[in-house]
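Protein chains: 2
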Amino acid sequence: MRDLQTIAESARSAKQAVARLGASEKNRALEAIAAALEQHTDAILSANAEDIAQGRNTGLNDGLIDRLTLTPARIAGIAQGVRQVAALDDPVGEVLWMKTRPNGLRIGKKRVPMGVIGIIYEARPNVTVDAAALCFKAGSACILRGGKEAFRTSQCLTQLMRTALVSCGLPENAINLVEDTSRETANQMMRLNGYLDVLIPRGGAGLIRTVVAHATVPVIETGTGNCHIYVDASADLTKATAILKNAKCQRVSVCNAAESLLVHTDVAPRFLPMAAEALASDQVRLHGCPRTRDILGGLVLPATEEDYAREYLDYEISVKVVDSLDEAISHINTYNTGHSECIVTESYTAAERFLDEVDAAAVYANASTRFTDGFEFGFGAEIGISTQKLHARGPMGLEALTSTKYIIYGNGQTR
Amino acid sequence: MRDLQTIAESARSAKQAVARLGASEKNRALEAIAAALEQHTDAILSANAEDIAQGRNTGLNDGLIDRLTLTPARIAGIAQGVRQVAALDDPVGEVLWMKTRPNGLRIGKKRVPMGVIGIIYEARPNVTVDAAALCFKAGSACILRGGKEAFRTSQCLTQLMRTALVSCGLPENAINLVEDTSRETANQMMRLNGYLDVLIPRGGAGLIRTVVAHATVPVIETGTGNCHIYVDASADLTKATAILKNAKCQRVSVCNAAESLLVHTDVAPRFLPMAAEALASDQVRLHGCPRTRDILGGLVLPATEEDYAREYLDYEISVKVVDSLDEAISHINTYNTGHSECIVTESYTAAERFLDEVDAAAVYANASTRFTDGFEFGFGAEIGISTQKLHARGPMGLEALTSTKYIIYGNGQTR
Chain C
1 MRDLQTIAES ARSAKQAVAR LGASEKNRAL EAIAAALEQH TDAILSANAE DIAQGRNTGL
61 NDGLIDRLTL TPARIAGIAQ GVRQVAALDD PVGEVLWMKT RPNGLRIGKK RVPMGVIGII
121 YEARPNVTVD AAALCFKAGS ACILRGGKEA FRTSQCLTQL MRTALVSCGL PENAINLVED
181 TSRETANQMM RLNGYLDVLI PRGGAGLIRT VVAHATVPVI ETGTGNCHIY VDASADLTKA
241 TAILKNAKCQ RVSVCNAAES LLVHTDVAPR FLPMAAEALA SDQVRLHGCP RTRDILGGLV
301 LPATEEDYAR EYLDYEISVK VVDSLDEAIS HINTYNTGHS ECIVTESYTA AERFLDEVDA
361 AAVYANASTR FTDGFEFGFG AEIGISTQKL HARGPMGLEA LTSTKYIIYG NGQTR
Chain D
1 MRDLQTIAES ARSAKQAVAR LGASEKNRAL EAIAAALEQH TDAILSANAE DIAQGRNTGL
61 NDGLIDRLTL TPARIAGIAQ GVRQVAALDD PVGEVLWMKT RPNGLRIGKK RVPMGVIGII
121 YEARPNVTVD AAALCFKAGS ACILRGGKEA FRTSQCLTQL MRTALVSCGL PENAINLVED
181 TSRETANQMM RLNGYLDVLI PRGGAGLIRT VVAHATVPVI ETGTGNCHIY VDASADLTKA
241 TAILKNAKCQ RVSVCNAAES LLVHTDVAPR FLPMAAEALA SDQVRLHGCP RTRDILGGLV
301 LPATEEDYAR EYLDYEISVK VVDSLDEAIS HINTYNTGHS ECIVTESYTA AERFLDEVDA
361 AAVYANASTR FTDGFEFGFG AEIGISTQKL HARGPMGLEA LTSTKYIIYG NGQTR
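From first to last, the protein sequence lines are chains C and D. Just so you know, we're using this note's numbering here: the first sequence kicks off at 1 and counts up by one. Just so you know, we're using this note's numbering here: the second sequence kicks off at 1 and counts up by one.
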């Protein structure tokens, strides 16, 4: 077993070789990885079976077992994801701008690899491959630390990827898995200053909180989503119903699903029954303010402060009637998590104000919050959705995994 | 005295009002601040005199007293700096790109204010005003925590700025100074998650290390600079001499000054005597490798590992003869701090390789490292020079103090 320090040094020593690779070399290696995953499906399934068996023994619930479980189809999907990463444009080397200063210096800003990227995630074997492929395509070495419940699977996947790199004449240490799955090692990883250029936690709120609290290396906080749909006085209520239904019900377990509905008092008597009917077919439980309960009656549970702050990730939603756009914006800026927020309105002014004044990574006029996603935004695969304001905000594709440097061409200039 | 929690809440409550200001309102307030500083020069000098007297009593050295001391000319310079910030373009609101997706969604990336910015700095009263002006122009509220030796001066400057804001009908809590200068409060400030969107330490290596080690809010690490000049085999030695002299001697106490000289073995016998002569007129002490000492003789001190890693900030430099461009790049990537690095060469390939492979915020071909500076790069005033790879790298002007959001215009789209 390689200890964390050894892994950190290996990754750091590999980063320059990875940074220098051209797109075609990187894509060839990614194709080799995809092929290796398909070719060694049996080995992966066998490692995965051990993880599943141990998970059942230790009493993992069905949801976690499902997240952990691979099938031939899922492995094929993971390999296909690697090929999609290969198909993305190489972000490295783009010169974002270049200008000539009065003294003749030509100064340009160039996109460069980050160096070494750390990813801490839960027991989702697919993340092992997704994250490695994205970091590699972005020109960085990576250190992966996945949930211990999926360790054997992740180890098998990592070994296949490393072997594929070697088969292409590339350093296997471009992709590294932390083999000691203890909590101390995770904490140690959060403090690998001088080795890790950035650490990205990918998972639930608890994991992210832990990393933010303990890390001394730069972190990109990915996000929980308490997303709101605000139905304005001038909303097209048919659009509003479709957007609400989609944002709440199309996939409840994801961070861009709606968790709260705000309705302008002028349209509440007409819209709330439409909303309740649309959500009823999915058995969505409503937690409403007193005015909501007056309109919809006793089936609506009373909403508490906690309801307004909650990311249910389930067939539940909080509902509040508001007197004005200002109240809606203020409520959202109080309770949201800076993820995705939507106004449904036909008013030009209301739409512009909402988009300006709501503080979130993605603000929508008249579209479902479910679009906050790397593929939907046209970035391709994403490493997560940032809810912080530093470096990257919203869906993080390959560009979010890069840094920049200034390149300066002179002919002897001095100050 | 307002405690830190009160200040944090005040800043957070002011941030939306600041974020919504247009450029003309912000510029009017900055002009009012500049005028107030000039008009109340006597009050500032009087507060400053108290800080200086206390500094002398507690035995501050002359350098620190000088950094702390304001004069009418220095105050005029600070006011002029505020007017220069007013003259900069407003970074807020720029839409960096906007595109239409196949489903008709129009998605744009827009530059928005950061929110609340924290700055921790040393006993430099000018930073109190520079930082406040930059954060304000970037549309953010700020919380400033300066060195306690300059507290009375900073308090007077802050009060003048807050009064000027109020005179323009703007919230005074856009600009806040931490009034409890204890170390515990500084540590508490580093953990103001939910209030501070970013914390920027501005000062020496010790301050920056402390902030990086203790902060749980996002930090931008500004930098120490162990900057190198590499004189390649094909260098124009006249250019090399001028660049070396400028980078080392023009101002020794700054982070973009050269601290180390690397010379290709082919030109070392000719170049090192030229370099020694150029540096001798400023009494620069050389710490050389054995080959350097062979060429230059006994006046050169032996260079240790520590010399190669040191940021002297003084009339001293380490010198090493290298056998190849590869050795130069490898040496720099081992010892540098990711700030500014220069190659002097007439070789196209050597220049391109150096610019590609040296890992630093600014990489130069044939120009002095002293140009790494917001004004020299054409950004205007800067808040510091980032040596990390996340969010901002190199000189940080107004844009580095902003974030982005995605704005999405739909017409009822669902997934």
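We put the CB at the ideal spot given by N, CA and C, even for glycine.
### Message
Quick check on the burial criterion: 16 or more other C-beta atoms within 10 angstroms. Buried or exposed for Y348/D?
### Response
exposed
### Task
Report buried or exposed for A205/C, applying the criterion of at least 16 other Cβ atoms within 10 angstroms of its Cβ.
exposed
#### Entry: Same chain, Cβ closer than 6 angstroms to D197/D, five either side skipped, listed in chain order
M114, G115 and V116
### Query
Relative to the alpha-carbon of L429/C, which residue among V82/C, A73/C and A53/C has its alpha-carbon at the smallest distance?
In the structure as shown, chain C begins at 1 and stops at 415. Residue 429/C is therefore absent and cannot be evaluated.
#### Entry: Cβ shell of Q84/C (< 8 angstroms), same chain only, five flanking positions each side left out
G380 and A381
### Query
Using a beta-carbon distance below 8 angstroms, is P171/C in contact with chain D?
no
### Task
Tell me whether the beta-carbon of V178/C lies closer than 8 angstroms to the beta-carbon of I7/C.
yes
#### Entry: Contact set between R462/D and chain C, taken where Cβ atoms lie within less than 8 angstroms
No information on residue 462/D is available, as it lies outside the stretch 1 to 415 that chain D covers here.
### Whole alpha helix (DSSP H) elements within the region 99 to 176 of chain D, 4-residue minimum
125 to 137 and 151 to 167
### Message
Against chain C, which members of the region 190 to 202 of chain D pass a CB distance test of less than 9 angstroms?
### Response
R191, N193, D197 and V198
### Task
Below 9 angstroms between beta carbons is the criterion; list the residues of the region 387 to 406 of chain C that meet it against any residue of chain D, in chain order.
Q388, K389, L390, H391, A392, R393, G394, P395, T402, S403, T404, K405 and Y406
### Message
Would R152/D pass as an interface residue toward chain C - the criterion being a Cβ-Cβ separation below 8 angstroms?
### Response
no
### Backbone CA spacing between Q250/C and D314/C [nearest angstrom]
11 angstroms
#### Entry: Residue nearest to L262/D in terms of C-alpha spacing, selected from L70/D, W97/D, Q413/D and N333/D
N333/D
### Message
Residues of chain C with CB closer than 7 angstroms to the CB of K239/D, please, in chain order.
### Response
G412
### Message
Just to confirm my understanding: we take N48/D, look at its own chain, exclude 5 residues before and 5 after, and list those with CB closer than 6 angstroms. What are they?
### Response
L70 and T153
### Query
Three or more beta-carbon pairs under 8 angstroms between the region 214 to 233 of chain D and the region 26 to 36 of chain D, yes or no?
no
### Per-residue contacts from T216/C into chain D (C-beta, under 7 angstroms)
V212 and A213
### Query
Can you tell me whether Q388/C is buried or exposed, with buried defined as 16 or more other CB within 10 angstroms of its CB?
buried
### Query
Of all Cβ atoms in chain C, is any one closer than 8 angstroms to the Cβ of Y364/D?
yes
### Message
Relative to the C-alpha of R56/C, which candidate in L88/C, L68/C and E306/C has its C-alpha closest?
### Response
L68/C
### Message
Quick test of your reading: L325/D and R353/D, contact by CB under 8 angstroms. State the CB separation rounded to the nearest angstrom.
### Response
6 angstroms
### Query
If we count Cβ pairs, one from each stretch, closer than 8 angstroms, do we get three or more for the region 308 to 323 of chain D versus the region 265 to 273 of chain D?
yes
#### Entry: Chain-ordered chain C contacts of R101/D [CB-CB under 9 angstroms]
F371, E376, F377 and G378
#### Entry: Cβ-Cβ distance between Y308/C and C342/C below 8 angstroms
no
### Task
Could you check how far apart the C-beta atoms of S140/C and V18/C are, in whole angstroms? I think they sit under 8 angstroms.
6 angstroms
### Query
Pick from S281/C, L134/C, Y230/C and L390/C: whose alpha carbon is nearest that of S340/C?
Y230/C
### Query
Cβ atoms of G378/D and K465/C: under 8 angstroms apart, would you say?
The structure shown does not extend to residue 465/C, since chain C spans only 1 to 415, so no value can be given for it.
### Query
Quick one: Cα of N126/C to Cα of G384/C, how far?
13 angstroms
### Query
Using a Cβ-Cβ distance under 8 angstroms, would Q250/C count as near chain E?
The displayed structure is made up of protein chains C and D, and chain E is not among them.
### Message
Can you tell me whether R353/D sits near the ligand MG, meaning its C-beta is under 7 angstroms from at least one heavy atom of the ligand?
### Response
As for the ligand MG, it is missing from this structure, which has no ligand bound.
### Message
So M98/D contacts chain C; which residues on that side make the cut at Cβ distance below 9 angstroms?
### Response
Ordered by position in chain C, no residue passes the 9 angstroms Cβ test against M98/D, which lies about 12 angstroms from the chain.
### Query
Does the distance from the C-beta atom of L279/C to that of L301/C stay below 8 angstroms?
no
### Query
So, are the CB atoms of A350/C and I143/C less than 8 angstroms apart?
no
### Query
Considering only residues of the same chain and omitting the five flanking positions on each side of R191/C, which have a CB-CB separation below 8 angstroms?
H214, A215, T216 and V217
### Message
Is A361/C close to chain D? Criterion is C-beta to C-beta, closer than 8 angstroms.
### Response
yes
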